[in-house]
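Undergrad: Here's a structure for you.
Residue numbers (the working numbering): 12 to 386.
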């Protein structure tokens, strides 16, 4: 009989569906039956089709049911777990973890793994108290980078440091590469000239992604890089202010905002260089997508980013337009063969360290899982 596994997430935002699939893929289908459950979000056939699991469940809890003590959600999930008799539950983000920790007080599950995707998740006193009160020996916490795992250890109480581990986000190489548009097709889709040198950025337009400094850095090199363009894929609360900044620098013809594009990574090969200028980044999965596209990367040396790049490509200080512009200028000036070598180095780094087979090795080494492997 196959063992039942539950992967529990807050919602089906695009990046999280990919992450849930990452976890689903490590369970051999002849041994395990995987259920992915979404706490919020109405049932969606497209999401169900995209989710790689034997069963997909939409609890469709509204915001009120997921606030405060969340007793309705706890009761319903407890009934669901008792019916399915899961032998392992993997929760993503704090809300799903909080609900499952309460369920585990009344329902015995051999192994529970709580995966945190952001820095500062356990900073509040209330959350520390909840975890200290509810945590059991069959529970383990994971950060998506060493930076996140370290942040968790620094905040939680009464949990041995050995029960806080790193489980990196990975990328499905076999699924992702066929979906990448080649350079010509990607540039045609984005209405870009084939002869321009394109710096690209794919990120939400929010403060911690710091596109303002990226635009500033681009303005510094533009006089020396006449055929350069900056393409920013994404939307967010800073869209209007960033566009005003572009007008202030008289770069309306050189900085292109595409707005949100579904599966933005598909356009990576339109870029000659990818730039991620974050001031805070727990992991930076978009860097894996850029490296898989074999393009040079410039990113800030904050939190999880150096772990992801692993010595490949270029790191710069955050909030430093001068340093960023120097890195952009040197990339622009480099010979095409040199840029290609950087891209190839990043590509092989991803294959070696952030592919699904590597994640499976990492995951199944967790001592918490020994009883499940042996049963």
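Positions of the beta carbon are idealized from the N, C-alpha and C atoms, including for glycine.
Run through DSSP, which three-state label would residue 303 get?
TA: In this structure, residue 303 counts as helix in the three-state DSSP scheme.
Undergrad: DSSP puts residue 20 in a beta bridge; with which residues?
TA: Note: residue 20 sits in a beta bridge opposite 49.
Undergrad: At 4 residues or longer, what runs of the alpha helix (DSSP H) sit wholly inside the segment 212-257?
TA: Taking only runs of at least 4 residues, the alpha helix (DSSP H) segments lying wholly in the segment 212-257 are 222-232.
Undergrad: Does DSSP put residue 154 in a helix, a strand or coil?
TA: Here residue 154 sits in strand by DSSP.
Undergrad: Determine which residues share a DSSP beta bridge with residue 325 and list them.
TA: DSSP lists 309 as partners of residue 325.
Undergrad: Grouping DSSP H, G and I as helix and E and B as strand, with all else coil, what is residue 44?
TA: Three-state DSSP puts residue 44 in a strand.
Undergrad: Give a yes or no on whether the C-beta atoms belonging to residue 46 and residue 17 are separated by under 8 Å.
TA: In this structure, residue 17 lies closer than 8 Å to residue 46 by Cβ.
Undergrad: Could you spell out the range, first to last residue, of the beta strand (DSSP E) harbouring residue 181?
TA: That residue, residue 181, is in no beta strand (DSSP E); it is neither H nor E in DSSP.
Undergrad: Please list the terminal residues of the continuous beta strand (DSSP E) segment that includes residue 69.
TA: Start and end: 66-69.
Undergrad: Nearest by alpha-carbon distance to residue 51: which of 20, 359 and 291 is it?
TA: With distances taken between Cα atoms, residue 51 lies closest to 20.
Undergrad: Taking only the alpha-carbon atoms, compute the straight-line gap between residue 275 and residue 244 and give it to the nearest angstrom.
TA: Those two C-alpha atoms are separated by around 7 Å.
Undergrad: In the DSSP output, which residue or residues are listed as bridge partners for residue 100?
TA: Answer is 17 and 123.
Undergrad: Please classify residue 168 as buried or exposed, where buried requires at least 16 neighbouring CB atoms within 10 angstroms.
TA: Result: exposed.
Undergrad: Which residue from 234, 219 and 272 puts its Cα closest to that of residue 242?
TA: Taking only the C-alpha atoms, the option nearest residue 242 is 272.
Undergrad: Rounded to a whole number of angstroms, what is the C-alpha to C-alpha distance between residue 208 and residue 171?
TA: Residue 208 and residue 171: Cα-Cα distance of roughly 50 Å.
Undergrad: Which residue comes first and which comes last in the beta strand (DSSP E) that contains residue 285?
TA: Taken as a continuous stretch (DSSP letters only), the beta strand (DSSP E) holding residue 285 covers 284-287.
Undergrad: Kindly indicate the opening and closing residues of the alpha helix (DSSP H) around residue 85.
TA: 82-95 is the span of the alpha helix (DSSP H), which, as asked, contains residue 85.
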